[in-house]
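Asker: Sharing a structure with you now.
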Amino acid sequence: MILVGVDGSRAGLEAVGWAAREAVLREAPLTVAHVIPRWVYETKTERYAEVAAWMREGGRTVLAAAEERARRDHSEIGLRTTLLPGDPRAALIGAAQGAELLVVGSHGLGGVRGMLVGSVAYGVTGHAPCDVVVVREHLSPQRGEIVAGADGSSASSGVLEFAFAEARMRGIRLRVVHAQAYLWPHGFDPADHGEGYDDLLTARRKLAARYPDVSVVEDVVHGHPAEVLRQASYGADLLVVGSHGHGTFAGMVLGSVSHALLHHAPCPLAVVRRTG
């Protein structure tokens, strides 16, 4: 099951469109969820009954618009809608138990003007029990390529597995980007690809053997990983990164690279959760 959270915003509708296509590619059912305050369900006082009824009706309107968007390009998709009570972050995280993927828009209607990513997108990305995709409000033309950021850390195998599978489902090329952040004082040795590169190469070769129909190119770039990946993903169909990589402190909800890209990635961003 793929779960997508909506709130009536444009970014939410873009997320629904993205999730619908993903569900068709994966041959998975799609659940569209909208969250309303818990008190709307629990109120028993006549004083607030009219407001609660109005909010429930508003939620059903949001879900109807989302279903219409999902079926616009995929009329036969297996889809259900649901109203969830509570805080949007907690409700979506709870509903994502057992899901293959959770999809959200980068901003919601409650977002603060000028913020680059909404609190719901940030909250679920750090805590969801499954991989998360964050979809931008304004999607640029796509060039038919998946970009994967991998650093050879323990999370990289999951990132590459996700990226190879996406590239095969979509029939497009995969670009694996390995960014080396630190240079020698007098430049760098082109033969030195940095920490984790050998492990990354081994993992990529194993997956290439499992996905022989996926065309793969590899870039080794010296620069800050977040900026390197931001630039590499302009026009990409999807950017895939791990929730944590090399240099992440234990206990951090997100690593610095995934955190930065959550704010600045120019295309849909998949954050693959750390396992173990």
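60 is the number that full-length UniProt numbering gives to position 60 of the sequence shown; each next residue is one higher, with no gaps.
Ideal Cβ positions, reconstructed from N, Cα and C, are used throughout, including at glycine.
Predicted, not measured: the structure shown is a model, and the values here were computed from it.
(1) Along the alpha helix (DSSP H) that carries Val159, what are the first and last residues, could you check?
(2) Give the single residue among Leu200, Leu25 and Ala11 whose Cα lies nearest to the Cα of Ile2.
(3) What does the alpha-carbon distance come out to for the pair Leu83 and Leu207?
(4) How about Pro85 and Glu57: do their beta carbons lie closer than 9 Å?
(5) Keeping to the same chain, check which residues put their C-beta closer than 6 Å to that of Gln97; ignore five residues upstream and five downstream.
(6) For Thr125, which three-state DSSP category applies?
(7) Closer than 6 Å by C-beta to Gly17: which residues in its own chain qualify, once you throw out the five before and the five after it? Chain order, please.
(8) Output the residue ranges of the alpha helix (DSSP H) runs that lie fully inside the UniProt domain "UspA" (2–136) and measure 4 residues or longer, sorted by chain position.
(9) Any idea if Pro212 is buried or exposed, counting beta-carbon neighbours within 10 angstroms, 16 or more meaning buried?
(10) Roughly how many whole angstroms lie between the Cα atoms of Ala270 and Leu160?
(11) I'd like the list of long-range same chain contacts for Ala226, defined as Cβ closer than 8 Å, with 5 residues on each side in sequence excluded.
(12) Relative to the C-alpha of Ala181, which candidate in Arg204, Gly171, Ser156 and Val220 has its C-alpha closest?
(13) Between the alpha carbons of Pro266 and Val241, how many angstroms are there, rounded?
(14) Is any heavy atom in the ligand COA found nearer than 8 Å to the beta carbon of Asp87?
(15) Would you mind stating whether Val133 and Val104 have Cβ atoms separated by less than 9 Å?
Answerer: Concretely, from the data shown:
(1) Ser156 to Arg170
(2) Leu25
(3) 39 Å
(4) no
(5) Pro129
(6) helix
(7) Arg69
(8) 10–26, 38–42, 46–73, 88–95 and 119–127
(9) exposed
(10) 12 Å
(11) Ser256, Val257, Ala260, Leu261 and His264
(12) Val220
(13) 14 Å
(14) The ligand content of the structure shown is nil, which means the ligand COA is not present either.
(15) yes
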